[in-house]
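Numbering (the working numbering), first residue to last: 78 to 204. Reviewing the structure listed below.
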Amino acid sequence: MYDELTEVAVPEIWAGVDIGKEHHHCVVIDAQGKRLLSRRILNDEAELLQLIADVLELSRDVLWAVDINHGGAALLLGLLVSHDQHITYITGLAIHRASAGYRGQAKTQYREVCSQGLLSSGSGKLM
């Protein structure tokens, strides 16, 4: 059907955010999978703005991934949009599959796997 390959720009870093009601957990990795940042963030404008600044300090070429695209994610999504950031959404099913090998381990480990699963799974682009 398609005879030509399409060139796709791969971001320098990915920022996966496990969305919670009061807190989120963000993991940033580079193209080689090296963890550059891992942080729990209060769902508060000042803290989220600091997170965005810290991630952009690592690289301006970033793709943000979230596991929820409504409710508790609204403030973060609004701030990312206002900062012209690219955002993608990944379903809970994809997160569940990415974390299947980590059953019984600490919840923080599970959250990191979920955030990294956000980055490595197929997803739907929001912005």
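Cβ atoms here follow ideal geometry from the backbone N, Cα and C, with glycine treated the same way.
Who are residue i's beta bridge partners in DSSP?
i	result
Ile145	The partner list for Ile145 (beta bridge, DSSP) is empty, contrary to what the question assumes.
His102	Asp95, Arg117
Ile167	Beta-bridge pairing links Ile167 to no other residue.
Asp107	Ile90
Leu140	Trp91, His163
Whose C-alpha, out of the options, is nearest the C-alpha of residue i?
i	options	result
Arg117	Leu133, Ser159, Ile167, Gln127	Gln127
Val104	Lys111, Glu89, Ser115	Ser115
Ser136	Val158, Asn120, Ala108, Lys98	Ala108
Asp95	Val158, Ala150, Ala123	Ala150
Glu89	Gly97, Leu113, Glu122, Gly155	Leu113
Gly148	Gly97, Glu124, Asp131	Gly97
Trp91	Val158, Asp121, Val132, Ala123	Val132
Ala123	His102, Ala86, Asp161, Leu156	Leu156
Asp121	Val158, Gly110, Leu153, Val87	Leu153
If residue i sits next to residue j, beta carbons under 8 angstroms apart, how far is it from one beta carbon to the other, in whole angstroms?
i	j	result
Trp141	Ile164	5 angstroms
Ile167	Asp138	Contact flag wrong, Cβ pair sits at about 20 angstroms.
Glu99	Leu125	With 8 angstroms as the limit, Glu99 and Leu125 do not qualify as a contact, their Cβ atoms being about 12 angstroms apart.
His160	Ile129	6 angstroms
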